[in-house]
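Taking it in order: structure first as structure tokens, then the write-up.
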Amino acid sequence: MDTPLDAVEVRVVSALAEKALATPDYYPMTLNSLIAACNQKTGRDPVMDLDEHAVAAALDSLMRRGLAGTSEGVGSRVTKYRHLLNHHLGLDEASGAALAVLMLRGPQTVGEVRGRTGRMHEFASLEVAETVLHNLAERDEPLVMELPVQPGRKEARWAHLLAGAPEVEEGEASSPAFSPAMQSARAKGDRVAALEERVETLEVELQALREAFSNFRLQFE
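When we follow this note's numbering, the leftmost residue of the sequence shown carries the number 386, and every step to the right adds one.
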């Protein structure tokens, strides 16, 4: 990348990349559907509250960079948007999914990348996911990097580089040890978060269906 993406551009292009793989029936996306996808409360770090102006401005910038484009379907009166991230960077589905989840959720371990890309791409094993991340890191222009292992953690995390190199804080506080009861509560919390993410995805799909029906109805008015 000649110039790093800003936080809103990262969110917009990664939301498009996610929905292209996770919900292809509702892709490309209208501006309203894209705003809803960007502002999901789960599966996003950080959580954002972007308005139409911010998302539209990011789309304009991404299109100038060749990272996004428009797609007007037959009979549709609404402009829809698609990402060109994989084409622009020469990525396959697996690499695109891994990069998208890092852009959407921030630094993650290999296990988290594998577990959180399930609806976009199914990695056969941790080793396969790790190989994909290493390949992204070993390009002439690296797209991801492996972060130093934090105190109290066993695994290193990976971060994307499309917004520039992430800040690495040394001496970060160690993670506390979890008792079996705390681990059980944490697992329940993860399941609840997964259900919330599914509900929000369904809301995005419902928005797309409403817009498609509205466009269909306009053809007969």
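Note that beta-carbon positions come from the ideal geometry of N, C-alpha and C, so glycine has one too. All values derive from a computational prediction rather than experimental measurement.
Alpha carbon of residue i to alpha carbon of residue j, nearest angstrom
i    : j    : result
L521 : L546 : 10 Å
P551 : E531 : 10 Å
P536 : R490 : 21 Å
E457 : K404 : 17 Å
S480 : L406 : 12 Å
V435 : K539 : In the sequence under discussion, the amino acid at residue 435 is Leu, which differs from the Val named in the question. Whole-angstrom Cα-Cα distance: 35 Å.
T494 : E478 : 19 Å
C423 : D525 : 30 Å
Y411 : A421 : 13 Å
A485 : P492 : 11 Å
D387 : R450 : 9 Å
L587 : P527 : 34 Å
R504 : V432 : 20 Å
T542 : P389 : Looking at the sequence itself, residue 542 is Arg, so the reference to Thr does not match. R542 and P389: Cα-Cα distance of roughly 21 Å.
D430 : N471 : 22 Å
G454 : L474 : 15 Å
A483 : E523 : 15 Å
E437 : L594 : 19 Å
E497 : A544 : 12 Å
V463 : V553 : 43 Å
A442 : V584 : 28 Å
Integer-rounded CB distance, given that residue j should sit under 8 Å from residue i
i    : j    : result
L416 : A400 : Between A400 and L416 the Cβ distance is about 12 Å, and since that is not below 8 Å, they are no contact.
L476 : V398 : Not a contact, Cβ separation roughly 12 Å.
V529 : L487 : 6 Å
L636 : R499 : Lying before the first or after the last residue shown, residue 636 is absent from the chain, which here runs from 386 to 606.
Buried versus exposed call for residue i [16 or more other C-beta atoms within 10 Å across all chains shown]
i    : result
K426 : exposed
G549 : exposed
A402 : buried
A367 : The question about residue 367 has no answer, for the chain in this structure spans 386 to 606.
H506 : buried
G428 : buried
P413 : buried
V440 : buried
T408 : buried
L591 : exposed
Q568 : Low local confidence applies: a pLDDT of 43 at Q568 is under 50, so the model's placement there is unreliable, with the coordinate-based value given in what follows. Exposed is the call here.
Check: residue i C-beta below 7 Å from any heavy atom of the ligand NAD
i    : result
T464 : As presented, the structure is devoid of all ligands, the ligand NAD included, so that no description of it is given.
Exercise for review: Say whether the stretch 387-396 touches the stretch 441-451, bearing in mind that this needs 3 or more beta-carbon pairs closer than 8 Å, one atom from each stretch.
Suggested key: yes
Check your understanding: Looking at C-beta atoms only, is the number of pairs between the stretch 509-516 and the stretch 460-469 that lie closer than 8 Å three or more?
Key -> no
Point to revise | Continuous beta strand (DSSP E) assignments of at least 3 residues falling wholly in the stretch 447-519 | key: 453-456 and 465-468
Practice item. Can you check the stretch 411-448 for any alpha helix (DSSP H) of at least 4 residues that lies completely inside it and give the ranges in chain order? Key: 416-423
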